[in-house]
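In what follows, a structure is listed as structure tokens, so that the remarks can point back to it.
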Amino acid sequence: MDKPRITVIGSNMVDLITYIERMPDRGETIVAPAFSMGFGGKGANQAVAAAMLEADVRMISKVGDDIFGPNTISNLRSHGINTDYVETVPEKSSGVAPIFVDPDSNNSILIIKGANEDLKPADIDYARSHIENSDLVILQLEINLETVYYTIDLCNKLSIPVLLNPAPADPYLSLDRIRTVDFFVPNESELKTLTGMPVETTGQIAEAGQYLLDSGIQTIIVTMGERGAMLVDPSGTKIIPPLSVESLDSTGAGDAFVGCFAVYYLETGDIDKAISVANRYAALSTTKPGTQKSFLTRKEFV
Ligand code: RIB
Numbered sequence: 073m074d075k076p077r078i079t080v081i082g083s084n085m086v087d088l089i090t091y092i093e094r095m096p097d098r099g100e101t102i103v104a105p106a107f108s109m110g111f112g113g114k115g116a117n118q119a120v121a122a123a124m125l126e127a128d129v130r131m132i133s134k135v136g137d138d139i140f141g142p143n144t145i146s147n148l149r150s151h152g153i154n155t156d157y158v159e160t161v162p163e164k165s166s167g168v169a170p171i172f173v174d175p176d177s178n179n180s181i182l183i184i185k186g187a188n189e190d191l192k193p194a195d196i197d198y199a200r201s202h203i204e205n206s207d208l209v210i211l212q213l214e215i216n217l218e219t220v221y222y223t224i225d226l227c228n229k230l231s232i233p234v235l236l237n238p239a240p241a242d243p244y245l246s247l248d249r250i251r252t253v254d255f256f257v258p259n260e261s262e263l264k265t266l267t268g269m270p271v272e273t274t275g276q277i278a279e280a281g282q283y284l285l286d287s288g289i290q291t292i293i294v295t296m297g298e299r300g301a302m303l304v305d306p307s308g309t310k311i312i313p314p315l316s317v318e319s320l321d322s323t324g325a326g327d328a329f330v331g332c333f334a335v336y337y338l339e340t341g342d343i344d345k346a347i348s349v350a351n352r353y354a355a356l357s358t359t360k361p362g363t364q365k366s367f368l369t370r371k372e373f374v
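Under the working numbering, the sequence shown has 241 at position 169, and the numbering climbs by one with no breaks.
Spelled out as structure tokens, the structure:
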């Protein structure tokens with residue numbers, strides 16, 4: 073079987089992860105137990121997860137002209153990802169993400185977009201040959217919304233399927249301009265921001281998912297962490313249960329889910345199965361510290 077061809081258009085960041093007992097109060101200095109630096113960014117994480125699961129992955133992205141830029145490109149290449157269209161922006165910093173992980177494995181993330189902000193529609197045109205040769209294009213929201221909309225329109229014209237992970241949540245995202253995506257994969261808090269509806273119970277999540285379906289999006293997959301994932305499509309709503317694990321660091325679990333779902337969906341054409349496999353892959357990523365560092369290779373996973 074040919075490898076699935078996936079183009080990820082989006083961000084890269086350097087993650088500065090501090091493991092904390094608690095956040096300091098204003099004006100207070102406290103000691104945190106540990107720190108770790110690693111490669112991150114939602115786009116790069118999804119690309120790396122898909123590449124580790126042996127898809128043929130290309131990334132369209134921008135790095136800064138600082139020490140992080142070349143290292144980010146080398147990291148992508150070390151995973152076999154095509155970086156022909158990962159460009160360096162002069163006089164701009166790379167994206168950076170200070171992250172705080174608490175003892176319950178919950179994370180709080182700040183992102184400084186840096187060069188990621190410079191990925192423009194013209195860059196998408198420039199990389200059109202990659203897009204044309206893809207089985208799926210994956211997008212997130214750490215780049216300009218105009219670039220996201222432009223890519224969706226181009227993929228629609230070329231009949232290339234699109235998966236949009238609307239992360240981080242952006243209240244300015246126009247549902248009208250993204251409703252032609254094939255897969256829309258928010259987590260609960262992104263679903264809440266986008267719909268303005270409550271999402272505490274699975275019943276409420278189903279209603280918010282139905283709202284998106286009514287707005288014209290065909291397939292919505294809500295990642296719900298320890299509750300698994302919910303699939304909302306024209307045939308109905310179903311919950312695909314999680315793998316229960318002892319979580320240590322949930323950073324990047326949503327990205328692990330997206331990268332893995334994309335690979336297994338393209339390989340099998342079976343959405344339920346791909347969600348179930350992605351639930352397992354994402355859960356296992358939370359049992360190790362770090363973002364990309366916590367992702368398993370296909371051999372380790374299967
Ligand atoms: O989804 C996790 C990612 O969000 C981190 O790698 C961080 O860089 C931010 O983009």
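Idealized CB from N, CA, C, for every residue including glycine.
| Query | Result |
| --- | --- |
| So does I184 have its beta carbon nearer than 7 Å to some heavy atom of the ligand RIB? | no |
| With a floor of 3 residues, list each beta strand (DSSP E) that falls wholly inside the stretch 75–145, ordered by position along the chain. | 77–81, 85–91, 106–112, 128–136 |
| Look up V234 in the DSSP assignment and say whether it is helix, strand or coil. | strand |
| Please list the segments of the beta strand (DSSP E) lying wholly inside the stretch 192–236, counting only runs of 3 or more residues, in order along the chain. | 208–211, 234–236 |
| When the Cα atoms are used, what is the spatial distance from F111 to A354? | 17 Å |
| Tell me, please, which residues DSSP counts as bridged to A187. | For A187, which the question treats as bridged, DSSP gives no partner whatsoever. |
| Got a sec? Which residues, its chain only, sit under 7 Å from V374 by beta carbon, not counting five neighbours each side? | none |
| Taking the alpha-carbon positions, what's the V317 to A194 distance? | 43 Å |
| Which residues in the same chain have their Cβ closer than 6 Å to the Cβ of L152, if we skip the five residues on either side of it in sequence? | Per the sequence presented here, residue 152 reads as Gly, with Leu not at that position. Closer than 6 Å at Cβ, skipping near neighbours: A123. |
| Looking at I171 and I181, is the spacing between their C-beta atoms short of 8 Å? | yes |
| Helix, strand or coil: how does DSSP classify V330 here? | helix |
| Compute the distance between the beta-carbons of E260 and M296, then report whether it is under 8 Å. | yes |
| Beta-carbon separation of A187 and S166 under 8 Å? | yes |
| Run through DSSP, which three-state label would N178 get? | coil |
| Can you check which of these residues, P306, F333, P270, I81, is closest to D190 by C-alpha distance? | I81 |
| Count the other CB atoms within 10 Å of the CB of Y222; is the residue buried (16 or more) or exposed (fewer)? | buried |
| Tell me the DSSP bridge mates of Y157? | I132 |
| When the Cβ atoms of the stretch 230–239 are set against those of the stretch 207–220, are three or more pairs found closer than 8 Å? | yes |
| Put L356 into one of helix, strand or coil per three-state DSSP. | helix |
| I'd like the list of long-range same chain contacts for I312, defined as Cβ closer than 7 Å, with 5 residues on each side in sequence excluded. | G300, A301, L303, D344, I347, S348, N351 |
| At a cut-off of 7 Å, is K114 close to the ligand RIB when judged by its beta-carbon and the heavy atoms of the ligand? | yes |
| Is A328 near the ligand RIB, with its Cβ less than 7 Å from a heavy atom? | no |
| For A325, name the three-state secondary structure that DSSP assigns. | helix |
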